[in-house]
Structure formats: structure tokens, C-alpha cells
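The structure appears right after this line, and notes come after that.
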Amino acid sequence: MGFMKIDGFPVEFTDEPNVLSVIRKAGIDLPTLCYHSELSIYGACRLCNVEDDRGRIFASCSERPRDGMSIKTNTPRLVRYRRMIIELLLASHDRDCTSCVKSGDCDLQRLAHRLGVASVSYPAHKGHHPIDFSSPSIVRNPNKCILCGDCVRVCEGIQGVNAIDFTNRGTYATVAPAFNKELAKTDCVNCGQCRVVCPTGAISINTNIRPVWEALSDPDVKVFAQVAPAVRVAVSQAFGGERGENVMGKIVAALHRLGFDEVYDTTFGADLTILEESKEFLEIFEKGGPFPLFTSCCPAWVKFCETRWPEFSKNISTSYSPIQMLGSVAREYFADPAKNEGKKILSVGIMPCTAKKAEILRDDLKRDGKQNIDYVLTTEELITMIKRAGIQFDKLESEAADMPFGMGSGGGVIFGNSGGVMEAALRTLCEGPDRPAIEALRQSGVRGPGPLREFTFNYKGNEIKAAVVSGLAEANELLKQIKSGEKFFHFVEVMACRRGCIMGGGQPAHAGKRTKEARKSGLYDSDINTQIKKSNENPTALAIYDTLIKGREHELLHSHREK
Amino acid sequence: MSRLVVRPETEIQATANSLHFDLERRVTGAPPGLCPLDLASSYLKVYSSQTCGKCVPCRVGLKQLEKLIDDLIEGRGDMKTVDLIERTAETIYASADCAIGYEAANMVLKGLKGFREDYIAHATKGHCVAEGFQAVPCVHLCPAHVDVPGYIALINAGRYADAVRLIRKDNPFPSVCAMVCEHPCENKCRRNLIDDALNIRGLKLYAVKNSGHVPVYREGEHAAEATGKKIAIVGGGPSGISAAYYLGMMGHSVEIFEQRKKLGGMLRYGIPAYRLPREILDEEINTLLTSGDIKVHTEVSIGGDSYPLSKLRSEFDAVYIAIGAHTDKSLKIPGEDAEGVMSAVSLLRRIGDDNYPDFKGKKVVVVGGGNVAMDCARSSVRLGAERVIIAYRRRLEEMTALDEEIRAAEAEGCELFELVAPLKVEVGDDGKAKALWVQNQMISFIKDGRPTPKAASHEPVRLEADIIIVAIGQGIESYNLENVSMNPRRGTINILDSEQIPDMDGVFSGGDCVTGPATVISAIGAGKIAAANIDEYLGFNHPIHIPVDIPAPVPHNRPACGRVKLRERSVDERIKDFSLVEESMTAEEMIQETERCLRCDKFGFGTFRGGRENKW
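Chains X and F, in that order, give the protein sequences. Numbered according to my numbering, the first sequence spans residues -1 to 561. Numbered according to my numbering, the second sequence spans residues 10 to 625.
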């Protein structure tokens, strides 16, 4: 608690961890390249330097606010130094901006422009590092790296994966996987959080736009898409709309314009996941173990568990993730010559997630050696395609998703939030259309702040102990406690990305506090506006059990991973 | 894996550490005359190898600075480059996260200030201001430019008298310097690159101890033909005698005017006999006076109404003023006029005239940390003092006295009190000093390269004292020298680089009265310069040349080898008298030490240019 003076104006501070937060609270957007409120403080970019009343210069991110402090944020010296620091960064950066994947969305570019760097005093730098295309999810271009360390810190601190770190010392420092291995050969879980925080084009999404676009214009190929729940609340802003607004109707319209023959809603798949997973859970629950059952929707979590906690991998539900559910039944659906019109079928998932690009390649999810999904495009790639095609997104009329897989329940929609899978699963355990029970579940603790939430649910007089956790480092801690017996749960939902899929690695970056909140409530509000709340009340989902997949649930809806 | 593990030093780290020490020695032995930009660029490379790579200014900035300086060195830069270097260094200095970065930038900023001329020369003309040759380090650093490798070779060959003659070509005082020289020649000895500097002064002592009497002229040699020119030298110290010696050789008539009873200046009235025995000093001076027509007038003061400088000037063709720095600085504290409080100069002057005071049973406090303070303290021990304290304002590390002097004083029982500043002298009813009260200090910020003390929150401390000797530096005599141009702040005489006093035709000056209290060898060097320029002023060009052939080097001296130290007489014995403390090397030691000499006159650039100058 106290007061400090910022550029002559008194500003009150309370529990801000550093001077930078107080400055930003005071409405001054001090530039930074290495500061993220959720990551550890690093102090590398030196752009947030401020000057105190004795002329001393210090990095505001690394200094605690003190009562009576008086600082200036924009003296001529500071401005000069900041500009020069940007120049120095540009001097060691592959400055080929025009053809950079990040052009227009690059923090370094933006800051250079904002700080008035009209020319760079130092000679241009020629990148000599090879670009790593090995991962299906992520491309690493070290020549664009400015060593802010954001990716290293998110991978270590938030995800607990440590796939990448600083290598080599000093001037020759780079960020790379251990022993300079290809990313694909590491424990990288493909979550893409590194690319979300990367301010430049050093880490980007391994894009599949090109083959999809080619298929779209191929008259012999029938291309269908499915759109994941979290995608619909993360597109609007890119086209000048409200943050967090659900624009599913416009996305469907845009995909139709792009040439997709059918556009389905992954929410349908989510309902199938819930139907199968809750069945699986009840079996185990009645059998009395083994506990806990872990959710299987998040491929980054599944890989993390397999590599770090192999002893728990048999506890992961075998039910397909929603994308696989829809992919699998749609494949079955299009096997009918009347449906495929003699064309090749191409199945595309529009996902908030980079790890899904890896998930579709998994052997245990293939049937007859064939992938259920051919390509995954992230939300970012979808936005790119819409822009590239010149579609005026904001002027589109909403369209409904196509049947028979265009309809999902409210439970399916909230999948995109951390806690959503658990809530949807437990909803199906509520008897009948019991509004108060659904409301009680909502209030039980399954929603709420923080990366870890533990709560109980009463099922027919029995207590189900449940937990939802997001962020793999947090999940790792929880697993330790489960392993040691310190904690016990029947059912655990894990999502690799903090806050769930709405903050997935394929979502548009630069999502601040307000955007995060808006995306979350965007999904919860959609649930409110849905007539069908529970997955087991989605008539279109229930219908296929009697037709398309009758008697083949296990073959079509479950991974054949070793149990 | 264990929670904590023992990590012995790896061979890699051990080797790296030893390379760090090698670098330290290499920096110590850095030859003079390097391109300062090349140096800055090379240091930057070293410094940027230490960066961790975290913060932008250090990781990227240092490399860019290095490239920019290289651009200047290689002729690709202009004044814009200099400006960019400065702006970049300032940014790094202000914004780097830790000292690895900001101090590296500070190094560049210091250079931009200290050798800006070189930066500008590179930017505008594409080359250094510095001269393009590498001098022989020892010769270059000696203010008199004595042919060090030459005389070391002669000593090695057993030709001690030739060694003395060769030294006298540039420095008339081999015996004096063998005992009291501060040996700047050793500072950048190239031998540092292998192990340690040669003990050059020790070798010189070996030469003078073994040479026997060496007359100025060998048979058949004599001074140049008389020129009929008369030169007055004011001050019979090392600088005046040196000038007289060479001017005598050149055939001029020289008259030395000395204020005190005997010649020698600070050699006699500043340096105690246990460091420079009087008989050796007398013998050396007497020999030097035989170089030509030299007359000596003692107990004559020049200046003021009795003998104004203008009168002297009118009687002589040229005048050399080398009056030294003999007045003391006082503490300006209460009680300083009490009986028992004395200045270092007055004590040493008394001893110089063989008038030894008796300190038997007395408690002595010497205030100061220079060589003069050590001289006073060590003399006090020999005068019978019961206890001697050396009180110094700063720390031992800041003492300007030579390390060996401080060590010797401690060995002889003097107690060092660091970080105390005199407050007042406690005076008894009898008017005699009883104690020195001091205020404890704490060391604080570094100004002009030296840490400065400031008063600590501490009660004053009483140091019991019958005798208090003030040795805090000297000023030059406040002569009335009429139109002589003076530096008002330092109280020294202003000169041109020819040593001529501005606007005073034919009047030259050098030594302590120009530099402030300095070393014997710099005073001697000044005398040599005066002789050359007075000779030229009078319209002559008498070269000083002593024909001695120098033995060829034998390249057999690469293995690293320790530096021979001079032994000293045992403390018990030496504190009882004023005889010489140091002992000469043995023949065996002399051979080993002379063979360590790398003969930079013959190897490296010295073989081509900047090596030997046979005459001046």
C-alpha cells in the first residue's frame, strides 16, 4: 500500500508486484518484450526502464513499488535508450519483415514503429540457423529469436515441460531443445504456448493452409470442416468485432464461402465424448476403480502424461476427443457412396489448438491405418484464410452448421473452458431435466478462478471427488499429490493450457485479461442460450447410436491405446 | 540424484583460471604505444565473452560496439561512427542489467573521453595518433631512457664498469638509483608475459657494487672543447647535478647554486642513510663533478632581493632552475605548533646534515602514507623510539609508498593505523605534545581512481605521542622568482615541453619544482632534457655518446622462472644503525636474473626500430 508519483501524477498502489504494473495501472503502456504477468520476471529487454528523481535508471519490471517513489517514464534519455535497444534488437534479428509470418502482428515490429525507429544504425544480420520444421505443430526459426525468454519461461514455469531452453553462452546464446535436437524428438507436448508468447516470428504455427486450399478447389474432393467450441469466441476481434463474441454463424458462412462443402460443429463430437466418457466413468465408479479417471480431450495433456507419468496413462479415458469423435463418425457417414458422390473426402478440423495437429497423427487414433482427420487448421490459420480470401467477415450473414453433425448441447459448447468437460460430464449424471441440479453443479466449484479447482458432486447419494486443472506445471503438482496418496479423486479433468482451449496455442495471441474473461463468458453465455443443456439429450447424437455406429461404439469412438 | 553434491574444480575451470592469470600478467606487461582503439575492441571481445546473454544491451550491444570500433580501425568509419559508438555505449551503460554489461560499456566511454583524439584521427584520417612503433618497454618507461637491456647484458658478461658507463650515458646516478630508484622500468617488463618483471634495480645494485670506482672518462677521453658559455644551475639536487654533468661534458662552464650546506638535495635531505649511505652519495656526486668545468656554491639562495633571478640571468648565458619541493604541508589542526610536532622535511633535513635527534623512550606518531612517511617511521625506530605508529587517512592499499617500504617498516616494528584522520594535538601544560587525537574514517566512493575516506560515526581515538611527524606531502619553496610562471593550484613552475619557462629567454626548469614531489629518476630525466635543450639554445649540438659494445643475446630463457629478490639485513641488527639495509644479489642470482632478460632491444620490433639509441 502506498502512493508513488508517475510522471508527476500521484498513483496509488496496493499489491502490484512491480513498478511496471503500477505504471500500466496508471494508464501508461510502457513497452516491454519480455514481461508477462503470469511468467517469472526476467528483466532482459530493458525497455521498461524508468528514471527516478535522482536520475537513476532501472527496469520497472524488476523493482517493487515503494511509498514515496517518484519516477518518470518518458524522459528524452529513456526514449533515446529505448529506441537504441530496439535498434540493437533489430541488429541481431533477421530483418526480412515483409515475408515474415508474423508481419503485422509482431511485437518487435510494432514497437519499432511506435518508438519511431526510422532506420537501424547497425548493419543487417544474416540468419544462419536452420529452421526447424520437424514438429507438426510448431515451427522454430531461431533467426527471428530475440532471446526474450518468454517461450522458455512459459514452457518451464507454466507447462513444466522444459522442451526448450537457452543454449550456448553470451553473444552466441540461442533458444533450442536440449542437444539441439529437433523439436519433434523432444518431450514437447505441442501445446503452442511458446508461440502464443513469442513476440516475433521465431516460433510460429506449422501451417496446413496450403494443402487445404488446394483440396478446396479440387472438384474431385469433398472437403468438410468441423469447428471447435473455443474457435467461435476468438475470431471476432480480428475483424473489428467484440472480444469474446460468439460468431459461429459467421464462421460457418465464411467456411462455406471458402469452399467447404459441409461445416459441422465439434460440439456434436463433444457430446459423443461425454456420452462415452461418462459411461466409462460410471463403470469404473461402480467397479470401484482404478481412480482417478482422467479426461482424454487434450492431446497435450495425453502426451505429457505418457512421457512424464506413464504409470497414469492407463487412467486416461479411452473415449475419443471431440474432434476424433466427429471425424470418425463423419468418415463412416461419408463411406456411403450416396453421401460421398464418388469423391475423395477430406476432413479438416478448425481448432484452437496446435497439439491437435499432432493428435491426428497418433497411431492409436487411426482406424485401418487411416487418420480420422486429414488436417487441423488453428483459429489463427482460419483468420488468415478469411483475410487472404478477402472475405469481409463482419458483413457476413450468419449461417447454421450443416446436419447431421451441426448440432450440439450446451455441455458440448463449454468444453472450451477449463472445467467445461467435467461440468458437461457431470451434467449427464444429473437426473432428467433438473434445472436446480444443473445450477447447483455450476456453483459447485467446477467453474471459478485459478488453475486448480477441487470439488465434490453428489451422485445418487455417493460423493464423487473431482478436480479440474489447467496448465501442465499445475497438473504435474496435482499428479505428485495423487501419486503420494496425499490427494484422492475419482475424476480429473486436465487441460494443458491455462483456462482451457479458449487460450489454446492456436488462438490469436495478444489476449489480455479482458479478452481472456470475454472468451470464457462467451462460451458460458452460449450454453445459456442453448435449448439442450446435456449431451445425453442431444437427439442427433443419440440417433447415431441406433444407426451409424450401432454396435460399433468401441471400434468407432475409442482409442485402442493400451489400457 | 543427491540433493547436494560435491563439485571439485574441473580441469577445464582450472585451466581457464590459469589463463585468466596469464591474461592479468599480459595486461600488466602491455607494451606502451598500442592503438587505443584496437585495445578497446580487443577488450570488448574479452568482455562480451563474459556476457550471460540475457539482457539485450549487453548481449547485442557489446558485439555491435566491437564491430563499430573495428570499422574505425579498418577505415570504414567516420565521425558518425564515433557518435554511434558513444550513443550505443551510453545506452548500454544506462540500461544493462548487471555489471558485466554496464562496466564493459563504461570501458568504451572512458576511452572515448581519454583517447578521443585517437577516435577522431581514425575517423577522419584513418590512423592512430600514437606513433607506429613499439618501444622497448623498460627503456621507454624510464624517464631518463636508460639502456636497460644493454647494461643487463654487460652485467651478465661481468663487464660491470662498462655497465656503469652505459647507464651514465642517460643517467649520471647509477649508484643512487641502484638503491633508491622507484624503477618504473620494471612496470611493463615483457618478462611479465612469462612470469614476472626482472629485478632491474637489483641488477644495477650488483653492477655498482662490483664495478669499483668508475671515472667519468676513460684514458684519452675528455670533455668537449670549451665553449665559453656559462650556465647557472639553481639547486644542487639530482636534477641540477645531472644537468651540470652533461653540460660539463659538452664543454660549457657550469656553476651550481645550492641553498644548503651540501649538494644532493632530497637524496641527502630526504632519503635516510639506511637506504642511501652518505659515502656512496658523496662519492657519486664527486665523480660527476669531474665531467667538466663545474663550480659549486653552497649556502647561496637565489631569488628575492639578495640575489634576484634577473641578476643571475644577466650573469649567465642560460639558467636551469631545479629547486625541488622542500616545504612541508601542515595538518592545520589545533595544537600543531606544540613542541614535539615536526615536519618530515625538517626531520630528514636534520638527519641529512648528520644531526641525529634522540628519540630514546619516545612514542612517535607519523602521519602520512607515502615513502617519506615510511622514511620518517623507519628513521624514528633507528633513533631509539619506544613505539612508532604510522597513521594514515585511507587504507594500506591506497598508501603511495612502495610495498617493500611498507613491509620493511612493519618488519621493523612500526604499527600501521589505517583510516584515521588527525583531529588535534593534545598539548601538555609544558607546551609539549602528549597525544594525537584521530577520527576513524570509513573508505567510501572512488574519485579520480582512488577511494576516498569519510569520517565514520565513531568516537575520536587518542594516540599517545611525544613526537608527531607530519609527512603528508611537500610543496615547492615559495621563492620570489619574479616573472616565473607558476601553476597556482599545485604551486609548481610552468614549463614548455623543452623545459623552457614561457616568456623567459634562456631560463629552463625541471624536477620536483615542476612536477611536484616525484621520483629521483624523473628529476634526473629532467636534468638530461635540460642539458640537451640548453646546449641547443646556446647554438650547439654536442651529442652524448659512450662507446660500449653490447654483448649479443643468447636465446635460452623461455622457461618460467621466479624473480630474484634482494635480501635485507636482519631486523634486530639493522634497526640499531643507519647503514644500508639491502644486500646485493649473489653472483649466482645475478646470472639467473640477467638471463631472464628477453632482450627487447634485439627481439620483436626493437631489432628494427625503437631499439637502441647510441647517442642523444
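Using N, Cα and C, we set each Cβ at its ideal position, and we do this for glycine too.
Contact check, residue i vs residue j, beta carbons under 8 angstroms
i	j	result
X/E243	X/G418	no
X/A226	X/I348	yes
X/S60	X/I84	no
X/A171	X/F164	yes
F/A540	F/G520	no
F/I209	F/S518	no
F/M188	F/L285	yes
X/L291	X/H488	yes
F/V354	F/Q509	no
F/H154	F/L81	no
X/K301	X/S407	no
F/P41	F/F124	no
Cβ neighbour criterion (16 or more within 10 Å) applied to residue i
i	result
F/M10	exposed
X/T96	exposed
X/N139	buried
F/H192	buried
F/L32	exposed
Heavy atom of the ligand ZN within 7 angstroms of residue i beta-carbon
i	result
X/H254	You won't find the ligand ZN in this model; it holds no ligand whatsoever.
Beta carbon proximity, residue i to chain F, threshold 8 angstroms
i	result
X/G168	yes
X/C192	no
X/A89	yes
X/S119	yes
X/M82	yes
X/N47	yes
X/R44	yes
X/A171	yes
X/L37	no
Range covered by the alpha helix (DSSP H) that runs through residue i
i	result
F/F325	It is not in any alpha helix (DSSP H) - F/F325 carries neither H nor E in the DSSP assignment.
F/L46	P45 to S57
X/P335	P335 to N338
X/P8	Taken as a continuous stretch (DSSP letters only), X/P8 belongs to no alpha helix (DSSP H), being part of the beta strand (DSSP E) at F7 to F11.
X/Q107	D105 to R112
X/F486	That residue, X/F486, is in no alpha helix (DSSP H); it is neither H nor E in DSSP.
X/Q322	P320 to F332
X/P537	P537 to D544
X/G520	K511 to I526
F/G120	A108 to G123
F/L607	Taken as a continuous stretch (DSSP letters only), F/L607 belongs to no alpha helix (DSSP H), as it is neither H nor E.
X/I249	M246 to L256
F/R396	Where F/R396 is concerned, there is no enclosing alpha helix (DSSP H), although the beta strand (DSSP E) it sits in stretches over R396 to A400.
Chain X within 8 angstroms of residue i, Cβ atoms only
i	result
F/A430	no
F/S315	no
F/R96	yes
F/T60	yes
F/P44	Residue identity check: residue 44 of chain F is Cys in the sequence provided, not Pro. So no, F/C44 is outside the interface.
F/L93	yes
F/D106	yes
F/A327	no
F/G86	no
8 angstroms contact criterion, which residue i and residue j should meet: CB distance rounded
i	j	result
F/L276	F/L290	6 angstroms
X/C149	X/C192	4 angstroms
F/L490	F/G312	5 angstroms
X/S202	X/K100	7 angstroms
N- and C-terminal bounds of the beta strand (DSSP E) containing residue i
i	result
F/H306	D302 to H306
X/K364	It is not in any beta strand (DSSP E) - X/K364 carries neither H nor E in the DSSP assignment.
F/L163	It is not in any beta strand (DSSP E) - F/L163 instead sits in the alpha helix (DSSP H) that spans V157 to N165.
X/V460	The question names Val, but residue 460 of chain X in the sequence shown is Asn. That run of the beta strand (DSSP E) goes N460 to S468.
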